[in-house]
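Visitor:
2 protein chains.
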Amino acid sequence: MVSIREVAKLAQVSPATVSRVINGTAKVDDEKKERVLRVISETGFVPNEVARSLFKKSAKIIGLILPSIKNPFFTQMASAIEKTADASGYRLVLCNTGNSPDKELSALQMLTSMNADGIILTTSNEQIHEYIENCKIPVIITDRRLAIDGACYVHSDHYEGGRQAAEHLIDCGCKSIVCIKGPQDISSARARYEGYSKVCNEKNIKLQTVDCDYDFNAGLEVTEKILKKFPDVDGIVACNDIVAISVYKVLHKKGIKVPEDIQLIGFDNISLSELLTPELTTIAQPIEEIGAKAAELIINRDEELTEREFTFETELIIRETTKLKGDR
Amino acid sequence: MVSIREVAKLAQVSPATVSRVINGTAKVDDEKKERVLRVISETGFVPNEVARSLFKKSAKIIGLILPSIKNPFFTQMASAIEKTADASGYRLVLCNTGNSPDKELSALQMLTSMNADGIILTTSNEQIHEYIENCKIPVIITDRRLAIDGACYVHSDHYEGGRQAAEHLIDCGCKSIVCIKGPQDISSARARYEGYSKVCNEKNIKLQTVDCDYDFNAGLEVTEKILKKFPDVDGIVACNDIVAISVYKVLHKKGIKVPEDIQLIGFDNISLSELLTPELTTIAQPIEEIGAKAAELIINRDEELTEREFTFETELIIRETTKLKGDR
DNA sequence: ACTATGTTTGAAACGGGTTTCAAGAGTGAA
DNA sequence: TTCACTCTTGAAACCCGTTTCAAACATAGT
């Protein structure tokens, strides 16, 4: 691996001059510049990013800390972050926590000590509170809202999304709706349910709920439970698209027709929801916008922020698991 | 950010001693060790990973260069890589290339200059040849086989997978099978097709093929084409699960029953293929094993390699889109 | 008591770009 | 010709954890 000092020697200039040529930080005599460039291309010299970031205290890195890389929602968000980051020359360092607070903290420390320029984090764990507040790099919390000052929040309007889901099923004529509540330690799941139940209260609809994790197998189980507990159910609000898919699967296996017998709505609008047969009616989050915004907040971190919370609107996407026809 | 020199000053020892305490690289007087540990916990000192990796020439980083982060196959592989990496204290730096050779090369250079300990790469681009052969860190090419010396290869036996798919549809009684060939510049797609066509030749089955990209929309189009060109088709071998899903979607929309009218088999066994209704019959690649193996090759890079190519077996997973019943 | 061996320790060098600072070169005006 | 000012350039310090090397000290053996 050739170093800047070797390039300097071969081009008969000082390392400082080579640095100035590479970065265009100061005027360099044309003849010398050419010599330097020639040596660089002959030797294939690439500046060592580690040495650079040691001095600059910026590694051009965005840290991404997620509960699970396999979850399509996070994957789509990660993809949007990567796209935005890459366009500005930033790389993504990925950490998977499986919701473990220990792993979250160590990922956070790790990324700070790597001179990351900012961290994008999805967590429900308030214990990392202190670390984040003392953190000198921006920390962006996506999808969820915690009570941590010093962080930025980027998420959808889950409350409104919950309302939209409830209203849509009611508009579709459902009389006995069951809401599958997501994990209530997650702020977005809480907000969705609050929006949902608000509408039900306004319209005097009886609240029928079951609890469920954001997990395919949990969705399979909870569907059985719904059918047993609420035999007259004709509408199901799933806590996310993955759970909606599992609900559909159980209903289909039992010969229950969707949307004829039971109507079904998901949440997130992961790209999968459109690939399925039948296509899933769902509440769309602007996943790409959320990811892009989070990345931008880090890339433009020197700009003074007027807001610390960015809320995006959700949108009802009517497809094939409910009866009203959408635009499509 | 407190440095090792500050810690040393506060603990009244030299930076060298602090380093020895942190890393356990040499015996340190118990009393001093305790002083150092106390100062570390009081100040919240975390060693700067960048300075460390500048000296050590290892950043404890695995670079992962993929055509697309959204593709579930790669996501599942990435997840397995992350799991293996994390267990040994390595982080993942993710680069998305969208198959652009320029981006591949710059990601490769970038990762080398970041002192990455190794790179896992999925590409069909032979142009990066020279760079990889001169690369001083291990480069592992997954899923595909190129003609690049100096790289390691980790993949499934796609040829055998192609054979299994063909044999299964024949066993299921298909008389007019259409094979959707994947992009033939990708070695694994070629191998699958070779395995497939070998079986057809052995059994005197007419080869009926169409070309298709690994893409959902391409799958929708190609299905229309199949129905037009081969109206008596009763079996379809899709080039991967995503395309199989899109094929199913078109067939379903046209009222064609799967597997009654047309049987369908995918490739990969992404977790999605089991979530669907109907569940997809497919040729499984051991995605997690491939990812883990690739990561291990980097983590254990000092061990002498006896092989440069690691081939995993594929497995026929019979589910609901073909007529023979599997174990389940 | 004195050599021999072993252990602990800190000063200093190292890794490789970047930046500061002051010297040297060049230009123009007086 | 000389003073003033600008532009280009390289030496050296810097970022910060690690390691080498030799000094200092301790223990054991004779």
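Line by line, the protein sequences are chains A and B.
If you count by the working numbering, then the first sequence holds residues 161 to 488, one letter each, in order.
If you count by the working numbering, then the second sequence holds residues 161 to 488, one letter each, in order.
We treat Cβ as the ideally placed atom computed from N, Cα and C, and that holds for glycine.
1. Going by DSSP in three states, B/Phe120 sits in which element: helix, strand or coil?
2. So with Cβ pairs under 8 Å, would you call A/Tyr374 a contact of chain B?
3. Count the other CB atoms, across all protein chains shown, that sit within 10 Å of the CB of B/Leu367; report buried if there are 16 or more and exposed otherwise.
4. Using a Cβ-Cβ distance under 8 Å, would A/Met161 count as near chain B?
5. In chain A, what lies closer than 9 Å to B/Pro253 by C-beta?
6. For B/Val338 and B/Val393, which I take to be in contact (beta-carbon distance under 8 Å), what is that distance rounded to the nearest angstrom?
7. Looking only at C-alpha atoms, which of A/Thr185, A/Leu411, A/Glu354 sits nearest to A/Leu424?
8. Would you mind stating whether B/Arg323 and B/Tyr356 have Cβ atoms separated by less than 8 Å?
9. Quick one: residues in its chain with C-beta nearer than 6 Å to the C-beta of A/Phe205, no 5 flanking neighbours on either side, listed in chain order?
10. Rounded to the nearest angstrom, how far is the Cβ of B/Ile308 from that of B/Ile292, given a contact under 8 Å?
11. Could you tell me whether the Cβ atoms of B/Ser347 and B/Gly379 are closer together than 8 Å?
12. My assumption, with CB atoms under 8 Å, is that A/Ala444 sits in contact with A/Asn429. Please give the rounded CB distance.
13. Report back the beta-carbon spacing between B/Val403 and B/Ile386 to the nearest angstrom; my notes put them in contact at under 8 Å.
14. If you run the structure through DSSP and keep just helix, strand and coil, what is A/Glu469?
15. According to DSSP, which residues form a beta bridge with B/Val314?
16. Residue range of the alpha helix (DSSP H) that B/Arg251 falls in?
17. Say yes only if the C-beta of B/Asn460 is nearer than 7 Å to one or more non-hydrogen atoms of the ligand NAP, and no if none qualify.
18. Can you tell me the Cβ-Cβ gap for B/Gly278 and B/Ile450, rounded? I've got them flagged as a contact below 8 Å.
19. Give me the subset of the region 432 to 449 of chain A whose CB atoms are less than 8 Å from a CB atom of chain B, sorted by chain position.
20. B/Cys295 and B/Thr272 - do their beta-carbons sit closer together than 8 Å?
21. When you compare only the Cα positions, how much space is there between A/Ile182 and B/Lys263?
22. Considering only their Cβ atoms, is the gap separating A/Phe376 from B/Leu435 smaller than 8 Å?
23. Determine the direct distance from the alpha carbon of B/Leu265 to that of A/Val314, and round the result to whole angstroms.
24. Which residues in the same chain have their Cβ closer than 6 Å to the Cβ of A/Arg251, if we skip the five residues on either side of it in sequence?
25. For A/Val199, which residues in chain B fall below 9 Å Cβ to Cβ?
26. Run through chain B and tell me which residues come within less than 7 Å of A/Leu214, C-beta to C-beta.
27. Considering just the uninterrupted stretch of the alpha helix (DSSP H) at A/Thr272, what are its terminal residues?
28. Does the region 171 to 178 of chain B come into contact with the region 193 to 201 of chain B, if we say contact requires no fewer than three beta-carbon pairs (one atom in each stretch) closer than 8 Å?
29. Pop quiz: B/Cys332 and B/Lys483 are said to be a contact at Cβ under 8 Å. What is the actual Cβ separation, rounded to whole angstroms?
30. Kindly indicate which three-state DSSP category A/Glu449 falls into: helix, strand or coil?
31. Provide the residue span of the beta strand (DSSP E) that contains B/Cys339, from first to last.
32. Per DSSP, what are the beta-bridge partners of A/Thr442 in this structure?
33. Mind checking which residues open and close the alpha helix (DSSP H) that includes B/Asp401?
34. Nearest chain B C-beta to A/His289 closer than 8 Å, yes or no?
35. When you compare each of A/Asp421, A/Glu475, A/Glu480, A/Lys485 to A/Tyr319 by their alpha carbons, which one comes out closest?
36. Are any of the Cβ atoms in chain A nearer than 8 Å to that of B/Val489?
Guide: Put simply:
1. Any answer about residue 120 of chain B is impossible in this case: the structure gives chain B only from 161 up to 488.
2. Within the first sequence, the letter at position 214 stands for residue 374 of chain A. Closer than 8 Å: no.
3. Here the question's residue 367 of chain B lines up with position 207 in the second sequence. Burial call: exposed.
4. Reading the first sequence from its first residue, position 1 is the one you call residue 161 of chain A. Answer yes: the Cβ-Cβ gap between A/Met161 and chain B drops below 8 Å somewhere.
5. Position 93 of the second sequence, counted from the start, is the residue given in the question as residue 253 of chain B. For clarity, residue 253 of chain B is Val in the given sequence; the question names Pro instead. Within chain A, the residues near B/Val253 are Ile221, Arg251, Leu252, Val253, Leu254.
6. Locating residue 338 of chain B in the second sequence gives position 178, where the first residue counts as 1. Locating residue 393 of chain B in the second sequence gives position 233, where the first residue counts as 1. Right, their Cβ atoms sit about 5 Å apart.
7. By one-based count along the first sequence, residue 424 of chain A stands at place 264. When only C-alpha atoms are compared, the closest one is A/Leu411.
8. Walking along the second sequence from the start, residue 323 of chain B turns up at place 163. Walking along the second sequence from the start, residue 356 of chain B turns up at place 196. Contact flag set, yes.
9. As a working mapping, residue 205 of chain A is identified with position 45 in the first sequence. Excluding sequence neighbours, A/Phe205 sits near Val162, Val167.
10. The count along the second sequence starts at 1 and reaches residue 308 of chain B at position 148. The count along the second sequence starts at 1 and reaches residue 292 of chain B at position 132. Contact holds; Cβ gap of about 5 Å.
11. As a first step, residue 347 of chain B is located in the second sequence; it is residue number 187 there, counting from the start. As a first step, residue 379 of chain B is located in the second sequence; it is residue number 219 there, counting from the start. No.
12. Along the first sequence, read from residue 1 onward, the residue named residue 444 of chain A stands at position 284. Along the first sequence, read from residue 1 onward, the residue named residue 429 of chain A stands at position 269. Indeed they touch by this definition, with Cβ atoms about 3 Å apart.
13. Along the second sequence, read from residue 1 onward, the residue named residue 403 of chain B stands at position 243. Along the second sequence, read from residue 1 onward, the residue named residue 386 of chain B stands at position 226. Not confirmed; about 11 Å, so no contact.
14. Here residue 469 of chain A is taken as the residue at index 309 of the first sequence, counted from 1. A/Glu469 falls in the strand class under three-state DSSP.
15. Position 154 of the second sequence, counted from the first residue, corresponds to residue 314 of chain B. For B/Val314, which the question treats as bridged, DSSP gives the partners B/Thr302, B/Phe470.
16. The sequence position of residue 251 of chain B within the second sequence is 91, counting from 1. No alpha helix (DSSP H) holds B/Arg251; the beta strand (DSSP E) holding it covers 251 to 256.
17. By its list of ligands, the structure shown contains no ligand whatsoever, and the ligand NAP lies outside what it can speak to.
18. The count along the second sequence starts at 1 and reaches residue 278 of chain B at position 118. The count along the second sequence starts at 1 and reaches residue 450 of chain B at position 290. With 8 Å as the limit, B/Gly278 and B/Ile450 do not qualify as a contact, their Cβ atoms being about 15 Å apart.
19. Leu432, Leu435, Leu436, Thr437
20. Numbered from 1 along the second sequence, position 112 holds the residue referred to as residue 272 of chain B. Numbered from 1 along the second sequence, position 135 holds the residue referred to as residue 295 of chain B. Closer than 8 Å, so yes.
21. Stepping through the first sequence from its first residue, residue 182 of chain A is reached at position 22. Stepping through the second sequence from its first residue, residue 263 of chain B is reached at position 103. Whole-angstrom Cα-Cα distance: 20 Å.
22. By one-based count along the second sequence, residue 435 of chain B stands at place 275. By one-based count along the first sequence, residue 376 of chain A stands at place 216. The answer is yes: Cβ separation under 8 Å.
23. Counted from its first residue, the first sequence places residue 314 of chain A at position 154. Counted from its first residue, the second sequence places residue 265 of chain B at position 105. Each residue's alpha carbon lies about 33 Å from the other.
24. Within the first sequence, the letter at position 91 stands for residue 251 of chain A. Ile221.
25. Your numbering for residue 199 of chain A matches position 39 in the first sequence. Those within 9 Å of A/Val199 in chain B number zero; the least Cβ separation is about 17 Å.
26. The count along the first sequence starts at 1 and reaches residue 214 of chain A at position 54. The contacting residues are Val210, Ala211, Leu214.
27. Against the first sequence, residue 272 of chain A aligns to sequence position 112. Residues 261 to 273.
28. yes
29. Stepping through the second sequence from its first residue, residue 332 of chain B is reached at position 172. Stepping through the second sequence from its first residue, residue 483 of chain B is reached at position 323. The Cβ separation is near 5 Å, so the contact holds.
30. Reading the first sequence from its first residue, position 289 is the one you call residue 449 of chain A. A/Glu449: helix per DSSP, three-state reduction.
31. Numbered from 1 along the second sequence, position 179 holds the residue referred to as residue 339 of chain B. Where B/Cys339 is concerned, the enclosing beta strand (DSSP E) stretches over 337 to 341.
32. In the first sequence, the residue the question calls residue 442 of chain A occupies position 282. For A/Thr442, which the question treats as bridged, DSSP gives the partners A/Gly426, A/Ile477.
33. Residue 401 of chain B sits at position 241 when you count from the first residue of the second sequence. Start and end: 401 to 413.
34. Position 129 of the first sequence holds residue 289 of chain A. Answer no: the Cβ-Cβ gap between A/His289 and chain B never drops below 8 Å.
35. For the purposes of this step, residue 319 of chain A is identified with residue 159 of the first sequence, where counting begins at 1. With distances taken between Cα atoms, A/Tyr319 lies closest to A/Glu475.
36. What the structure shows of chain B is the stretch from 161 to 488, and residue 489 of chain B is not part of that stretch, so it cannot be assessed.
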